[in-house]
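Single-structure report; data block below.
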Amino acid sequence: MPLLGSLSGKISQNESQPVGQDAFTAGDEEHTLRAPDVVSSDEVRAGFFSRCSNPNCATGWIHLLRRRTVPIFEDGWTCSQNCTQKRMEQAVRREMEGRNRETRLYQHRIPLGLVMLEQQWIDAGQLRRAIEAQRRAGEGRIGRWLVQQEGVSEALVARALGLQWSCPVVSLPFHDGVAMAPALPRLFVDAFGALPLRVSSERLLYLGFEDRPDPVVAFAMERILKMRVEAVLVPDSEFRQAHTRILTVPFPRVELLEVSSEAQLGRALSRVVEKVKPVQSRLVRLHDFLWLRMWRKPVSTLLHDAESMEDVICALNQE
Ligand SMILES: [Zn+2]
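Using our numbering, you'd call the opening residue of the sequence shown number 431 and step up by one each time.
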């Protein structure tokens, strides 16, 4: 049998095996995230090297002989800069799809004051005075006015917010900002008022918000981190303290990418991936941003290692 035939046979056999690999599963990275350094005919074994993940790759098997084991983008190895770009362009199209169809959530919530009135946690006089104070000051949320001016407890306001958004309220006696910083770029922690709280043993990450949960942020994190992310509310002062503190700890390195057109996005992002050569990387859109997360080495746990990760954030034009 000619060599080419034998190689292709092995490759397609290999292809039938599941290719998706979780970046955080310890143990198997050596085999699944690496192509071999040298491939000779007797070293070709199923499961031992990757095939280019660009479905339209035209370079063929000969490129497997090249010394190239990275980058990996969304669980797939690409054989060349061109193939990386093709895959990235496709991922960008996927993320941009439906962007203009997105509707605002949160339009029909019962106002917080009414929730509290209904529960008889405040009376009509307290609510009226808090609304008046808010109007005069021209700022501040109603919950905060109820606490500051009417002496309503913060815990009660948090409970009401939980009812309003149908979302758990979590108290935060201790928060490890250094450990949680790798979960989300600093820019998003800041801009969206999101606070990664902790990871529970069942690979569940709690993401805290102060007054309204943002499911878009939580969903983007689920897709990047490959773990369940549950949005919860944290009482006001506990949230603010931990949120202020986490903004001072080290986060993964971030590059802000500026492109003038959507068409350039794929090329620009693939250039970064080709430069960093990550062992894993993923792309998601999060509101008006694209977020590319890259891991420079295999990691067995999500947290504690801001240095092995790198982010690229690209602000999309407002439409
Ligand atoms: Zn290729």
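Ideal Cβ positions, reconstructed from N, Cα and C, are used throughout, including at glycine.
- Residue G573 holds the alpha-carbon nearest to the alpha-carbon of M546 among V600, G573, P680 and D644.
- Straight across, the Cα-Cα distance linking S630 with D606 is about 13 Å.
- Counting only residues of its own chain and dropping the five nearest sequence neighbours on each side, K516 has a CB closer than 7 Å to the CB of N484 and N486.
- Following the DSSP letters along the chain, one finds A624 inside the beta strand (DSSP E) bounded by residues A624 to S630.
- Exposure of T674 is indicated by the presence of fewer than 16 other C-beta atoms within 10 angstroms of its C-beta.
- No heavy atom of ligand 1 is found nearer than 7 Å to the CB of S700.
- Less than 8 Å divides the Cβ of V706 from the Cβ of R726.
- With contacts defined by Cβ atoms closer than 8 Å, V600 and V659 do not form a contacting pair.
- Spatial neighbours of L713 in its own chain (CB-CB distance under 6 Å, excluding positions within 5 residues in sequence) are listed in chain order as A521 and L722.
- C-alpha of T514 to C-alpha of P708: approximately 12 Å in a straight line.
- In the structure shown, the three-state DSSP call for L547 is helix.
- Between the segment 609-628 and the segment 638-656 there are three or more inter-stretch CB-CB distances shorter than 8 Å, so the stretches are counted as touching.
- About 18 Å separates the beta carbon of L716 from that of A698, a gap too long to meet the 8 Å contact definition.
- Taking non-hydrogen atoms of ligand 1 into account, the C-beta of T489 is found less than 7 Å away from one of them.
- Residue state for R642 is assigned as coil, using DSSP reduced to three classes.
- Burial check for E525: the Cβ neighbour count within 10 Å reaches 16 or more, so the residue is buried.
- Pairing D741 with I540, the inter-Cα distance amounts to about 38 Å.
- Residues of the same chain with a CB within less than 8 Å of the CB of E652, apart from the 5 flanking positions on each side, are R658 and V659 in chain order.
- Within the same chain, Cβ atoms closer than 8 Å to the Cβ of G592 are found at P598, V599 and L663, the five residues on either side in sequence being excluded.
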